[in-house]
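In order, the protein sequences belong to chains C and B. If you read the first sequence in the numbering used here, its first letter stands for residue 1, the second for the next number, and so on. If you read the second sequence in the numbering used here, its first letter stands for residue 1001, the second for the next number, and so on. Ideal Cβ positions, reconstructed from N, Cα and C, are used throughout, including at glycine. None of the values given here were measured: they were computed from a predicted structure. Following: one structure in structure tokens, then a few remarks.
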Amino acid sequence: MLVEKFLNHISNWGKFWFGLIFLGSIFNEILEQFTMLSGSSFLWILAFGSGAMIGLVAKIRGAWL
Amino acid sequence: MKESPEIAAEFSFEKEKVIAKSFSQRFQWEMILIGLGQAAIWLSLWPLVLNGLLDLWAGFLIASLCACFAYLPSHEAQHGNYSRGNPKLRWLDGLVGHITLVTLKFPYHILRITHMKHHAYTNDPEKDPDYANAHNTSVLQVIKNVLDGSTLQFDKYLEVFQNDKAFVNSFHQAIPIALLYKAAPLVLVVIFPFETLLLWWLPAKIGSVYTTVFFSYYPHLGTSAGRYQNTRFWSHWMPRFLNHSMQLHFIHHLHPSIGHYDEPKAIEALKPFLIARKVPGADQIPDKITLNPLIKI
């Protein structure tokens, strides 16, 4: 039952989590390495927030592209 | 198999089968080497890149190449072409099938069962899991759909084949590996962001696009249902060694037990049968399939 709930959650919210964690981490690293903003907490919010937003839009649209 | 009265006795299915069987005996060592080799190379990229011994962009190129070589060894395993019916060697099918797919992040069990259904129901809009790829409007649309992940309608086929116990069991067997392939990049990306992107995620996407375009889209483009009509002979500007000789994929649909590297010789031997059976494009098959007679610019 718990496994089924988990699988359903992954199936429904997978795009959001991918956006938040995967894209967020990539954006964070890009901003850290290629901008003057390194070390700022604003950077972290911007990176992971953008990733989460893209993931959420993809979840709502049902597709990435 | 029921013969059409139009087919001469010399081109009977029985005779075709005997010839095909003679090309279905050899041990597929090249495929095992490619499958395990590319996975080992791909894995070795991680310590090399992380320790600064290899540039990340070079690693990306090598990983992408590995991903393009990853599917076919698993495909031979899906058909049991390593064990060839010997129960003592069945472990080899599973070993190569699983390991080679690490680069592409796909669970072997799911690909195996959906591929078996693709063979059983080729070009059936409801039951062929490859239908959406093979009957897409253009190569660009196929690429978009693969990048999008929308070609993977595994849930749909779980519903279509819900009464097929073997299908459902294999599907459930694959769930832990599928979850691992979803979770592993999400953990790795937090620690090694660019490495995860350029050594695994992007190469896996490139490999999936390559595999879908050349293994699924082109061979079935414009074909219909029926044993001799569901796959075609085609030619391409790309030398055949760069697209895994998928111009010859029709022989695989007719006789899946023929090993990949034995297909050219099998096609030469079976050419009269293929013409008699009106395989799409069969009249254009060269008499000798040597290096690159299939290039069409």
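(message) Rounded to whole angstroms, what is the Cα-Cα separation between B/Ala1204 and B/Glu1076?
(response) 19 Å
(message) How far does the alpha helix (DSSP H) with B/Ser1245 in it extend, from its first residue to its last?
(response) Neither: B/Ser1245 is in no alpha helix (DSSP H) and is coded neither H nor E.
(request) Quick one: grab the DSSP three-state call for B/His1236. (result) strand
(message) Let me check understanding here. Comparing Cα to Cα, which of B/Gly1149, B/His1255 and B/His1172 lies closest to B/Glu1159?
(response) B/His1172
(request) State yes or no: is the beta carbon of C/Leu43 nearer than 8 Å to at least one beta carbon in chain B? (result) no
(message) Is the beta carbon of B/Ile1110 closer than 8 Å to that of B/Phe1154?
(response) yes
(request) Consider the Cβ of B/Ser1216: report whether some Cβ of chain C lies at a distance smaller than 8 Å. (result) no
(request) Indicate whether B/Leu1056 and B/Glu1195 have their beta-carbon atoms separated by less than 8 Å. (result) yes
(request) Starting from C/Ile26, find everything on chain B with Cβ-Cβ shorter than 8 Å and list it in chain order. (result) Val1189, Pro1193, Phe1194 and Leu1197
(request) Using a Cβ cut-off of 8 Å (strictly closer), state whether C/Ile60 contacts chain B. (result) no
(request) Tell me, please, whether the region 1069-1085 of chain B touches the region 1201-1219 of chain B by the rule of three or more beta-carbon pairs shorter than 8 Å. (result) yes
(message) Helix, strand or coil, according to DSSP, for B/Glu1126 in the structure here?
(response) coil
(request) With DSSP collapsed to three states, give me the class of B/Gln1284. (result) helix
(request) In the DSSP assignment, find the unbroken alpha helix (DSSP H) run with B/Gly1207 in it and report its ends. (result) Leu1202 to Thr1211
(request) Note down, in chain order, every chain B residue with its Cβ under 8 Å from the Cβ of C/Gly65. (result) The sequence as given places Leu at residue 65 of chain C; Gly does not occur at that position. Under the 8 Å cutoff, chain B gives Lys1144, Leu1147 and Asp1148.
(request) Determine, using beta carbons only, whether C/Ile10 comes closer than 8 Å to chain B. (result) yes
(request) May I ask which residues mark the beginning and end of the alpha helix (DSSP H) holding B/Tyr1108? (result) Tyr1108 to Ala1120
(message) I'd like the ranges of any alpha helix (DSSP H) spanning at least 4 consecutive residues and lying wholly in the region 1027-1095 of chain B.
(response) 1029-1050 and 1056-1078
(message) To be precise: take each residue of the region 1148-1182 of chain B, compare its Cβ to all Cβ atoms of chain C, and keep it if any distance is under 9 Å. Which residues remain?
(response) Asp1148, Gly1149, Ser1150, Asp1155, Ile1175, Leu1179 and Lys1182
(request) Just confirm the distance between the C-beta atoms of B/Phe1011 and B/Pro1272, as a whole number of angstroms; I'd bet it's less than 8 Å. (result) 7 Å
(message) Using 8 Å as the threshold, is the C-beta distance between B/Leu1186 and C/Ile21 below it?
(response) yes
(request) Return no unless some Cβ of chain C is closer than 8 Å to the Cβ of B/Pro1185. (result) yes
(message) Give me the residue from B/Ile1034, B/Ala1063 and B/Glu1006 with the minimum Cα distance to B/Leu1045.
(response) B/Ala1063
(message) If we define contact as Cβ-Cβ less than 8 Å, is C/Phe16 a contact residue for chain B?
(response) no
(message) Which residues in chain B have a C-beta closer than 7 Å to the C-beta of C/Ile54? List them in chain order.
(response) Result: empty, since nearest Cβ-Cβ is about 13 Å, beyond 7 Å.
(request) Please confirm whether B/Ser1216 and B/Asn1133 have their CB atoms less than 8 Å apart. (result) yes
(message) Is C/Glu4 close to chain B? Criterion is C-beta to C-beta, closer than 8 Å.
(response) no
(message) Taking 8 Å as the limit between beta carbons, can you name the residues of its chain near B/Gly1259, skipping five residues before and five after?
(response) Phe1023, Ser1024, Arg1026, Gln1028, Met1031, Glu1076 and Asn1081
(request) Look up B/Thr1368 in the DSSP assignment and say whether it is helix, strand or coil. (result) Outside the shown range of chain B, which is 1001 to 1297, sits residue 1368 of chain B, and nothing can be said about it.
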